[in-house]
Amino acid sequence: MTQRHWIEPSVVTAPAALRTAVGGHPLVADILTRRGLADPAAAVAFLDWQRYVPAPPEDLPGVTPAADLLWQAIRQRKRLAVWGDFDVDGQTATTLLVDALRELGAQPLYVIPHRLSDGHGIKLPTLEKLLAQGVDLLLTCDTGVAEHEAIALARARGVQVIVTDHHDLPPDLPRVEALVEPKLLARAHPLRELPGVGVAFILMQALYSRAGRPGAEARLLDLVALGIVADVARQVGDTRYLLQRGLLQLRQSPRLGLQALMAQANLDPLRVDAETIGFQLGPRLNALGRLADATQAVELLTTTDATTARILAAQLEGLNNERKLLCDQVEAAAQEMLAREPSLLDGQVLVLLNPHWHPGVLGIVANRLAEQYRRPALLLTQAPDGLARGSARSVPGVDLGATIAANAHLIERFGGHAGAAGLTVRPERVPELRRALSNTIATMRTTPEDAYALALDAVLPLQDLSLPLVQELNRLAPFGEGNPPVTLATFEVTVKGHRLIGRNRRHRKLTIADAQGHMQDVVWWGGADADLPEGTLDVAYTLAQNEYRGDTTLQLVMRAVRLRRPAAVEVTAAPAAIPITDLRGLPDPLAEVRRLLNSGEPWQIWGEGHVALEGPVRDRRSLDAGRPLIIWSAPPGRAELERVLERVAPPQLALVNLATAEDRLELFLRNLLGMAKYAITRRGGELHVPAVAAGLGQRELAVRRGLAWLELFGRLQVVSWQTGDRVRLAPAMEAVEAVEAVKAVDRSLSTDGAAQETTRTIAQAELQALLAEAAAFRAFCRRAPIEAWMGERPG
Numbered sequence: 044m045t046q047r048h049w050i051e052p053s054v055v056t057a058p059a060a061l062r063t064a065v066g067g068h069p070l071v072a073d074i075l076t077r078r079g080l081a082d083p084a085a086a087v088a089f090l091d092w093q094r095y096v097p098a099p100p101e102d103l104p105g106v107t108p109a110a111d112l113l114w115q116a117i118r119q120r121k122r123l124a125v126w127g128d129f130d131v132d133g134q135t136a137t138t139l140l141v142d143a144l145r146e147l148g149a150q151p152l153y154v155i156p157h158r159l160s161d162g163h164g165i166k167l168p169t170l171e172k173l174l175a176q177g178v179d180l181l182l183t184c185d186t187g188v189a190e191h192e193a194i195a196l197a198r199a200r201g202v203q204v205i206v207t208d209h210h211d212l213p214p215d216l217p218r219v220e221a222l223v224e225p226k227l228l229a230r231a232h233p234l235r236e237l238p239g240v241g242v243a244f245i246l247m248q249a250l251y252s253r254a255g256r257p258g259a260e261a262r263l264l265d266l267v268a269l270g271i272v273a274d275v276a277r278q279v280g281d282t283r284y285l286l287q288r289g290l291l292q293l294r295q296s297p298r299l300g301l302q303a304l305m306a307q308a309n310l311d312p313l314r315v316d317a318e319t320i321g322f323q324l325g326p327r328l329n330a331l332g333r334l335a336d337a338t339q340a341v342e343l344l345t346t347t348d349a350t351t352a353r354i355l356a357a358q359l360e361g362l363n364n365e366r367k368l369l370c371d372q373v374e375a376a377a378q379e380m381l382a383r384e385p386s387l388l389d390g391q392v393l394v395l396l397n398p399h400w401h402p403g404v405l406g407i408v409a410n411r412l413a414e415q416y417r418r419p420a421l422l423l424t425q426a427p428d429g430l431a432r433g434s435a436r437s438v439p440g441v442d443l444g445a446t447i448a449a450n451a452h453l454i455e456r457f458g459g460h461a462g463a464a465g466l467t468v469r470p471e472r473v474p475e476l477r478r479a480l481s482n483t484i485a486t487m488r489t490t491p492e493d494a495y496a497l498a499l500d501a502v503l504p505l506q507d508l509s510l511p512l513v514q515e516l517n518r519l520a521p522f523g524e525g526n527p528p529v530t531l532a533t534f535e536v537t538v539k540g541h542r543l544i545g546r547n548r549r550h551r552k553l554t555i556a557d558a559q560g561h562m563q564d565v566v567w568w569g570g571a572d573a574d575l576p577e578g579t580l581d582v583a584y585t586l587a588q589n590e591y592r593g594d595t596t597l598q599l600v601m602r603a604v605r606l607r608r609p610a611a612v613e614v615t616a617a618p619a620a621i622p623i624t625d626l627r628g629l630p631d632p633l634a635e636v637r638r639l640l641n642s643g644e645p646w647q648i649w650g651e652g653h654v655a656l657e658g659p660v661r662d663r664r665s666l667d668a669g670r671p672l673i674i675w676s677a678p679p680g681r682a683e684l685e686r687v688l689e690r691v692a693p694p695q696l697a698l699v700n701l702a703t704a705e706d707r708l709e710l711f712l713r714n715l716l717g718m719a720k721y722a723i724t725r726r727g728g729e730l731h732v733p734a735v736a737a738g739l740g741q742r743e744l745a746v747r748r749g750l751a752w753l754e755l756f757g758r759l760q761v762v763s764w765q766t767g768d769r770v771r772l773a774p775a776m777e778a779v780e781a782v783e784a785v786k787a788v789d790r791s792l793s794t795d796g797a798a799q800e801t802t803r804t805i806a807q808a809e810l811q812a813l814l815a816e817a818a819a820f821r822a823f824c825r826r827a828p829i830e831a832w833m834g835e836r837p838g
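Going by this note's numbering, the sequence shown opens with residue 44, and the numbers climb by one from there.
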């Protein structure tokens, strides 16, 4: 878990009037005060949408002429067409407009461009095909404010144009019959932060009023909730109000497509919240826009046929699994590039090009890398026309749109805003672009010191945590951009126990205790492969309710952990460098190793995997502390290397770093299967994961994923996971050679059904990614200069 600076909550005294108005737990009033909502009326309206007074639709620029024009077109039976966008905001906005216009008597055409062939915006060839169908009025949503050429073409053909958008304004506004755009409002206006689906909803609200049916638009709020969360819109003003109402509508939505989508995700509709949308429903719809034709979203969200809904929802499930697989593959390849070329991280921006990456997932992976390395990330792939196209994501303090615009002379095309952008560049100019973007960011960056800090809302003892407290804090929901989840912390606790959880043992559950003996469980998502914290700790977490088999229990979800260090204990000087003897690349490193062993110093050798070497060879678990260390085998990862160096603290090092472990999938599985069979036949099925990892020269996580793979492909059964990282195995019902199974993956997957196919494919991809990471780190250890290798050492 990345170390972050913690900002402890400021001491506040909530006004008495606020405490009275808000009621409940006093912590709620304190948090509202810290978040700038000390006024009782504003606080109550924030908590309860029924006490909030929304802005009138007429406040939204352009909505009055747009609604008048639409109502006139419907009454005159003109041919309407809706042009949307392929992200979830665009999908839901398009669906909302099509649904409403149909109910009001129109039969609109609709277009959502294809990400791969069209990209964002209105492309002329597709527009030409649409206009050829006899369109009288073109209505855009989530796009259009900068589409001057396309709009000019439509109007030249006699087509009226209404643009609804929410993106930043270009220097020149389009010449249209009506422009509905919240960015024309003052910054403090409650409608300014509406996403595309919110703008579409306000327009339909005005249109329903003209049709004599005010309030009938409320049935569309389920779509508004989806779009607001998926677009990460700031939950302030009317945007928060619409989300609060939309969540209520979503929980009882009659849309068969949404019901089928929730069933695919194993969601209880009555418990759907902003987090559920952000991590379950949104990604499934987003996968459609990234990998396929997003127009299917309109069919899914408007269909009245249950069978069609189930089929489309199942297709989205498959696409989402494919999207996760592609993301993992691209991220693993990117991390391998960085391990192989650490100099790519020297600048202010991370720019990576791989001609084989899928363009639909580059933005997701760029966001992951930007968060990890705390700098903007641009990932590029090569298009069929030979140009490099990609997506970029920014970090606090860097206006990505302005940065790219400042280097427009190097770029073929670009678009975006402060946080995200897309661009097209000639591949040969990528190195020059990397340098230019880095130089621009160095002069423009305004990252505040606390941009990556973890802000705590309260510090509480364990005994104060309870289910009623969760319910009280949930009054502040929905959480998201502009209203972060409530983060609590408890200081000075120790870990009393832990166990791996989840189907693939990716997560960890810690049991923590304070000095008074109070205990709580903390779920650490993705913490299976992290170093288990030791000593006295501070733990930051969010609170949640865990529903399992009818029981509701309190759940703490880890956000960060830090070692508790007394103020008097400070390191004021860097430790002296350890003498290193570099034996890498020698024609006969063994001769030098023998010389060291005969020198009188108590050298020991760290070797794992297939080590054909005589002498005091030990694995990572059995090395002695304080003795000089020869690293014969290149380790599988930085964490394993640092743990050994920290525990052994060798006064001298010698580096050989040969490749003695097997990082190819087929041979890794063969070796792991052999050790598993030995455990089954000779040790009652008990296998110690750390020992196996040391024996194979791999990370423990690779061993766990490898066992999961072998179970999925019918080579063995995982009976149970026990304490101490031990697993109990049993023979499988059927046997196939592991190497043959790997080679026949595609054939076997095609006969096992979509769900099992997806699970197996993902399991294999994850395992291959882990092995690729290990191979990349071993390559770094073998080739990097001593200075760079030393720079990677802890301390």
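Yeah, the Cβ is synthetic: ideal placement off N, Cα and C, and Gly gets one too.
- Distance from the CA of PRO238 to the CA of ARG277, rounded to the nearest whole angstrom, comes to 9 Å.
- The DSSP assignment places complete beta strand (DSSP E) segments of no fewer than 3 residues inside the stretch 177–261 at 180–184, 203–207 and 221–223, in order along the chain.
- DSSP lists GLY523 as the bridge partner or partners of ASN526.
- Bounds of the alpha helix (DSSP H) holding THR76 are 69–77.
- When the five nearest sequence neighbours on each side are left out, the beta carbons in the same chain lying within less than 6 Å of the beta carbon of THR467 are those of LEU430, ARG432, GLU455 and ARG456, in order along the chain.
- Secondary structure at ASP336: coil, using DSSP grouped into helix, strand and coil.
- The stretch 185–196 and the stretch 123–140 touch, with three or more beta-carbon pairs separated by less than 8 Å.
- In the three-state reduction of the DSSP assignment, THR56 falls in the coil class, being assigned neither a helical nor a strand state.
- Cβ contact annotation for GLY728 (same chain, cutoff 7 Å, sequence separation greater than five): ALA722, VAL762, ARG771, LEU772 and ALA773, in chain order.
- The stretch 579–665 is shown to contain whole alpha helix (DSSP H) runs of 4 or more residues at 632–640, in chain order.
- In the DSSP assignment, PRO774 falls outside any alpha helix (DSSP H) and lies within the beta strand (DSSP E) extending over 769–774.
- By the Cβ criterion, the stretch 689–703 is in contact with the stretch 811–825, since at least three pairs of Cβ atoms, one from each stretch, lie closer than 8 Å.
- Inside the stretch 668–697, DSSP marks whole beta strand (DSSP E) runs of 3 or more residues at positions 672–676, from first to last along the chain.
- LEU395 is classed as buried because its beta carbon has at least 16 other beta carbons within 10 Å across all chains shown.
- Around ARG769, the same chain offers GLU729, LEU730, HIS731 and VAL732 as residues with beta carbons nearer than 8 Å, after the five sequence neighbours per side are excluded.
- Distance between PRO100 and GLN248, taken at the CA atoms: about 7 Å.
- Within 10 angstroms of the beta-carbon of LEU113 lie 16 or more other beta-carbons, which makes it buried.
- For ASP311, no beta strand (DSSP E) encloses it, and the DSSP letter there is neither H nor E.
- A contact between stretches requires three or more CB pairs, one per stretch, nearer than 8 Å, and the stretch 325–341 fails this requirement with the stretch 524–534.
- Around LEU599, the same chain offers GLN563, VAL565 and TYR584 as residues with beta carbons nearer than 6 Å, after the five sequence neighbours per side are excluded.
- Annotation: the continuous alpha helix (DSSP H) that includes SER481 extends over 473–487.
- In this structure, the alpha-carbon of GLU816 lies about 26 Å from that of GLY757.
- Counted as a single uninterrupted DSSP element, the alpha helix (DSSP H) harbouring GLY289 occupies residues 280–294.
- HIS452 is classed as exposed because its beta carbon has fewer than 16 other beta carbons within 10 Å across all chains shown.
- In the DSSP assignment, the residues bridged to GLN760 are ALA773.
- PHE457 sits in a strand when the DSSP states are folded into three classes.
- About 32 Å separates the CB atoms of ALA110 and VAL87; that is not less than 8 Å, and the two are not in contact.
- When the five nearest sequence neighbours on each side are left out, the beta carbons in the same chain lying within less than 8 Å of the beta carbon of HIS209 are those of ASP185, GLU224, PRO225, LYS226, LEU237, PRO238, GLY239, GLY241 and VAL242, in order along the chain.
- Per the coordinates, the alpha-carbon of LEU666 lies some 16 Å from the alpha-carbon of VAL735.
- The count of Cβ pairs closer than 8 Å, one atom from the stretch 142–153 and one from the stretch 270–285, stays below three, leaving the stretches out of contact.
- Three or more Cβ pairs closer than 8 Å define a contact, and the stretch 381–398 meets that threshold against the stretch 412–428.
- Taking 8 Å as the cut-off, the Cβ atoms of GLU515 and GLY79 do not count as close.
- In this structure, PHE534 keeps its C-beta atom at 8 Å or more from the C-beta atom of ASP500.
- When DSSP states are grouped into helix, strand and coil, SER160 belongs to the coil group.
- Counting the other Cβ atoms within 10 Å of the Cβ of LEU750 gives 16 or more, which makes it buried.
- VAL204 counts as buried, since no fewer than 16 other beta carbons sit within 10 angstroms of its beta carbon.
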